[in-house]
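Residue numbers (the numbering used here): 87 to 189.
Note that CB positions come from ideal geometry on N, CA and C, so glycine has one too.
As the structure is a prediction and not an experimental result, all values here were calculated from the model.
The structure appears right after this line, and notes come after that.
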Amino acid sequence: MAAVTLNIVRGDAESGKRMEAYEVPFKEGMSLLDAIFWIREHVDPTLSVRYSCRSANACKECSAIIDGKVGYLCSIRAAAGGSVQIEPLKALPWIKDLATLME
Ligand code: FES
């Protein structure tokens, strides 16, 4: 089965940042947010990420730095066999993992 590798910043202000890699079974059309949900369901339910609408760019809560560029996790598709790096936004106060403080 094809997989996608997500390299995700984990941690909080107390523990500091570390990068963790997760292999997620690829499904046609899955978004990076779908892949994060899979990790939360099957590997680590404590992985924090903000989201609301789960559709393309309506709430903007799933903003993150994806391979060095700001984007929305719910609108960027995973690629079979691919690897992607996901970090929290740098311009907002960091809470935990991919979650930042949005006002
Ligand atoms: S979850 Fe709302 S824009 Fe991504």
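Quick check on residue i: buried or exposed, where buried means 16 or more other Cβ atoms within 10 Å of its Cβ?
i    : result
C139 : exposed
R136 : buried
L178 : exposed
D183 : buried
Tell me which same chain residues have a C-beta within less than 6 Å of the C-beta of residue i, skipping the five on either side of it?
i    : result
G168 : V90
W180 : P174, T186
Which whole-angstrom value is the C-beta distance of residue i and residue j, which I expect to be below 8 Å?
i    : j    : result
V95  : M87  : In fact, because the Cβ distance is near 26 Å, the residues do not count as touching under 8 Å.
F112 : A164 : 6 Å
M188 : E127 : Rounded, the Cβ-Cβ distance is 24 Å, inconsistent with contact.
Among the residues of its own chain, which have a CB less than 7 Å from the CB of residue i, if the five just before and after it don't count?
i    : result
V110 : A89, V90, L92, A121, W124, I125
D153 : V170, Q171
Here's a check: name, in chain order, each residue in its chain whose Cβ is nearer than 8 Å to the Cβ of residue i, leaving out the five neighbours to either side.
i    : result
V129 : Y108
K176 : I151
A142 : Y158, C160, S161
S134 : I181, K182, D183, L184, A185
Which residues does DSSP pair with residue i in a beta bridge?
i    : result
P131 : DSSP lists no partner for P131.
- Item | Stretch-stretch touch, CB-based, cutoff 8 Å, three pairs: the segment 114 to 125 with the segment 150 to 161 | yes
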